[in-house]
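Residue numbers (the working numbering): 182 to 407.
Next comes the structure, spelled out in structure tokens:
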């Protein structure tokens with residue numbers, strides 16, 4: 182799944198869907214939200230280019246959101262059965278669309294063969310849902326205690342620091358490259374930042390854009406909302 186300017190359909194404009202959508206919008210992706218509650222639509226309408234007030238389980242409504250032109254659909258309502266129905270309908274309209282289903286139980290494996298990804302927000306949170314959609318773009322894993330965040334960054338071929346050792350890389354003070362993405366090696370001063378390799382980094386949120394630019398060559402600004 183490409184991570185360049187994705188078009189993403191989010192079904193469910195509640196707290197989880199709203200925040201995941203705002204994060205994706207901050208990453209620079211096109212977000213279309215489907216929400217059937219009129220009052221909720223009124224609350225979130227100004228924050229997204231397109232908010233469709235309707236029931237996404239109805240094929241004409243889902244078709245209006247245009248799954249055929251979208252890379253990803255994230256069904257994030259509070260009802261797992263509704264989310265499954267939406268994902269399956271979207272697959273019929275676009276066989277290659279990446280489907281993400283929010284489950285309302287911790288037992289996620291029952292949906293694994295039917296959709297591409299299953300998330301349980303009570304454990305993951307909206308930020309990780311956004312990461313699941315974005316894929317290999319700079320990804321925030323989790324907000325830790327204090328102001329430090331753990332991110333996964335893929336080094337771009339034309340990134341400013343590609344080919345540099347960590348000892349010579351002018352990363353922001355306090356930024357720490359911990360491991361490569363699969364945690365098979367702990368990063369050392371002589372670790373070389375190789376193109377198309379992923380690294381786990383601890384970073385101050387205020388430095389996230391700078392680190393993303395230095396390592397991946399792109400800026401993915403993270404946005405949140407109420």
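For each residue, glycine too, the CB sits at the ideal point set by N, CA and C.
Residue i, buried or exposed, once every other Cβ within 10 Å from all chains shown has been counted against 16
i: residue 218; result: exposed
i: residue 204; result: buried
i: residue 327; result: In this prediction, residue 327 scores a pLDDT of 44, lower than 50, which makes its location untrustworthy; the coordinate-derived value is nonetheless stated afterwards. By the neighbour-count rule (16 or more Cβ atoms within 10 Å), residue 327 is not buried but exposed.
i: residue 251; result: buried
i: residue 178; result: Shown here, the chain extends from 182 to 407; a query on residue 178 therefore has no answer.
i: residue 367; result: exposed
i: residue 221; result: buried
In DSSP terms, what residue i is bridged to
i: residue 298; result: 281
i: residue 212; result: 189
i: residue 256; result: 192 and 282
i: residue 357; result: 383
i: residue 392; result: In the DSSP output, where bridge partners are listed per residue, residue 392 has none listed.
Chain B contact for residue i (CB, 9 Å cutoff)
i: residue 279; result: Of the protein chains in the structure, only one exists, and it is not chain B.
Close-in-space but distant-in-sequence residues of the same chain around residue i (CB under 6 Å, 5 per side omitted)
i: residue 398; result: 337, 339 and 340
i: residue 198; result: 191 and 257
Contacts around residue i, its chain only, beta-carbon distance under 7 Å, and the 5 residues preceding and following it disregarded
i: residue 266; result: 238
Own chain, CB closer than 8 Å to residue i, minus 5 neighbours either side, in chain order
i: residue 388; result: 353, 355 and 356
i: residue 235; result: 215, 217, 242 and 245
Q. Is the number of C-beta pairs between the segment 235–252 and the segment 185–198 that are closer than 8 Å three or more?
A. yes
Segment contact, 8 Å Cβ cut-off, at least three pairs: the segment 218–229 with the segment 256–265: no
Next on the checklist: Using 8 Å as the cut-off, can you tell me whether the segment 368–388 makes contact with the segment 340–359, which would need three or more C-beta pairs spanning the two stretches below that distance?
Outcome noted: yes
- May I have a chain-ordered list of the alpha helix (DSSP H) segments no shorter than 4 residues that lie completely inside the segment 218–279? 219–225, 240–246 and 261–274
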